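Data first, discussion second: the structure below is written as structure tokens.
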Amino acid sequence: MATYTAVYVRVPEGYVAFVEELPGVNTQGKTLDEARENLRDALDLVIAANRELVAHDLAGREVVREQLRAG
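Everything in the sequence shown is counted per this note's numbering, starting at 11 for the first residue and increasing by one.
Next comes the structure, spelled out in structure tokens:
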């Protein structure tokens, strides 16, 4: 399981949240706890969507898949 950096920015409406390393993973919440929960959901949705897109693009092709850990 990878570890990412969650960033929470206080705004008048609550919090804006995003994952520093993954563009497109962002959300908001009225409270910090709500922003945290929403960010976890956003991360899961983006990863699932990316996997689905890749599966579609690679359908019928020979590919090699392996685990990759960041330095």
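Glycine included, each C-beta is placed from N, C-alpha and C at the ideal position. Remember, predicted model here, so these are calculated numbers, not experimental data.
Taking all protein chains in view, the Cβ of tyrosine 25 is crowded by 16 or more other Cβ atoms within 10 Å, so the residue is classified as buried.
Counted as a single uninterrupted DSSP element, the beta strand (DSSP E) harbouring alanine 27 occupies residues 24–29. Cα atoms of threonine 37 and leucine 63: separation of roughly 21 Å, rounded to the nearest angstrom. In the DSSP secondary-structure assignment, glutamine 38 is bridged to Val26. Taking the Cα positions, valine 19 is about 35 Å away from histidine 66.
Residue pairing by DSSP places tyrosine 18 opposite Ala27 in a beta bridge.
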